[in-house]
Amino acid sequence: MNIRSITGLLLLSCSLVACGGEPDPPPGSGGAGGMGGGAGGMGGAGGAGGMGGVGGMGGSGGMSDARVVVGVIQAPNELVWQAASVHVVVKVDGVVVRDATIGTGVPAPIVFPQEFELEGLADGALVEVSVETDFDGTGQDVHPRLASTRAKAGKTPLLRVTLSHQGCGAGCGAGLTCNWGRCLDPHLAPEVLEAYSSDWAKYSWCKPKDAGAPTLMLGQGDAMWSPLSDQDTLHVWPGDQGGHHIFAALRTRNLKQMAVVKVSGMLSDTGEVLGPVQSMRVFPDRPAQGFCEATGILFQIDTKLPMAELVGRQVHLKAEVSDADGAAVVEQKTVVIGSP
């Protein structure tokens, strides 16, 4: 027996020991692919444990510790999510790796959260999620929701998919998804996602586990945010019942997604207080922009003085936001009351 034959026998013996005595998979089966197997692309190399074959679900092309957890949950102000079914499809680099239908096919409460863990992903692998909620079981009232991110070596981000009844009218254009009533890009970079923890459903992107100090930005706007700086003019709107109001808009971070909002004003020249008004608000998360946002916070400013006496006067407009954990933050701007 020559040296090449002896070397071949030694390599074969080592391969059998390393793979638990299982022979290499035949071409076309995809193979387990050793530690690199799992949810990789079609016909990948399958890691160190075999060639991976030319078909089937091959490995992702080598060992990787990248993970992504997809978490599907309802909006915090929608405690009962009733639907006939929720269909969840998860793809990795275009290949379906999870396909689950939650529900009975007839309208009934759906149990959330739902979690889908993806392990052994290649660094940079594209993770795409499609969630379709069929509310009545007829296929006529279906709300789609899309989300995507990329795997990152050494990290386990949580791709949180929050379902809300807040729709987008006629729907969104190609490449967009309806998220909390607004058409947005479904893709989120892994850097802006919260880190996964087994108790993730107790928290939100707005206030993740181990959150830092709360922050607040005060602006104005009914449906869209508009920034406010000192000496800016407040837009004033006439109400249906004769009063006049402004729409405050707030952006927060490290406060719970449902929080108490109080808005008040104080006239600079006399010190007279306008308001306050207080309400519980939901702050839809906008991870790509780095904040959670609530707009259209109605504040009537002429409950104590007629509008004619307020136009052009300076007011210290103050917003206070507090949550059930006891976190609170205040922001104030000195602005000018505009004409309705």
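Read in order, the letters of the sequence shown are residues -20 to -1, 1 to 320 in mature numbering (1 follows the signal peptide of the UniProt record, and there is no 0). Each residue gets a CB set at the ideal place from its N, CA and C atoms; glycine is no exception.
Rounded C-beta distance between residue i and residue j? I'm assuming under 8 Å.
| i | j | result |
| --- | --- | --- |
| D114 | S65 | 5 Å |
| S302 | A239 | 6 Å |
| L254 | S244 | 7 Å |
| A169 | A131 | Going by Cβ atoms, the distance from A169 to A131 rounds to 12 Å, so no, they are not a contact pair. |
| P93 | S110 | Not really, about 17 Å apart at Cβ, beyond 8 Å. |
| P137 | Y183 | P137 to Y183, Cβ: 14 Å. No contact. |
Using the Cα positions of residue i and residue j, report the straight-line distance between them to the nearest angstrom.
| i | j | result |
| --- | --- | --- |
| V241 | R261 | 7 Å |
| P5 | G100 | Because P5 sits at a pLDDT of 39, beneath the cut-off of 50, its placement in the model cannot be relied upon, and the point is left open. |
| P267 | E97 | 21 Å |
| K284 | K313 | 21 Å |
| V60 | I90 | 8 Å |
| G270 | P264 | 12 Å |
| A133 | L173 | 14 Å |
| A88 | T275 | 32 Å |
| L208 | Q62 | 39 Å |
| H145 | I281 | 31 Å |
| H215 | F227 | 8 Å |
| R162 | G251 | 39 Å |
| G147 | D165 | 15 Å |
| A112 | G318 | Note that residue 112 corresponds to Glu in the displayed sequence, not to Ala. Looking at the two C-alpha atoms, the distance is approximately 45 Å. |
| G33 | S178 | Because the pLDDT of G33 is 36, which lies under 50, any placement of that residue in the model is unreliable, and the number read from its coordinates should be weighed accordingly. So the two alpha carbons sit approximately 35 Å from each other. |
| residue 324 | G192 | Outside the displayed span of the chain (-20 to 320) sits residue 324, for which this structure offers no information. |
| G294 | H225 | The residue asked about is misnamed: residue 294 is Gln in this sequence, not Gly. Approximately 15 Å, taken between the alpha carbons. |
| D73 | I82 | 24 Å |
| E58 | A304 | 17 Å |
| V309 | G117 | 44 Å |
| L247 | W217 | 19 Å |
Exposed or buried, which one is residue i when buried takes at least 16 other CB atoms within 10 Å?
| i | result |
| --- | --- |
| G13 | Unreliable placement is indicated for G13, whose pLDDT of 38 sits below 50; no coordinate value is reported for it. |
| residue 405 | Since the first residue of the chain shown is -20 and the last is 320, residue 405 is not available in this structure. |
| N159 | buried |
| A127 | buried |
| Q237 | buried |
| V86 | exposed |
| G199 | buried |
| V76 | exposed |
| A46 | buried |
Identify which residue in the options has its Cα closest to the Cα of residue i.
| i | options | result |
| --- | --- | --- |
| E311 | P320, E300, I317, D305 | E300 |
| A80 | P89, Q221, V69 | V69 |
| D220 | Y183, G134, L278 | L278 |
| L297 | V315, H224, L290 | V315 |
| V107 | D121, G119, G117, T129 | T129 |
| G292 | C272, Q211, Q258, V75 | Q211 |
| L196 | T232, R162, S177, V216 | T232 |
| P320 | P286, Y183, T275, A191 | P286 |
| T84 | H67, Y183, G74, V76 | H67 |
| V122 | P218, A150, K135, P137 | A150 |
| G306 | Q258, P56, W185, P194 | P194 |
| P188 | C272, G222, D45, K71 | C272 |
| G223 | K182, A288, V77, C186 | A288 |
| A181 | P56, A46, K71, D45 | P56 |
| S44 | C186, L247, K135 | K135 |
Legend entry - Three CB pairs or more closer than 8 Å across the stretch 136 to 153 and the stretch 51 to 68: Segments in contact, yes.
Legend entry - Cβ pair count under 8 Å reaching 3, the stretch 202 to 216 against the stretch 150 to 159: Two segments are said to touch when three or more pairs of C-beta atoms, one from each, lie closer than 8 Å; by this definition the stretch 202 to 216 does not touch the stretch 150 to 159.
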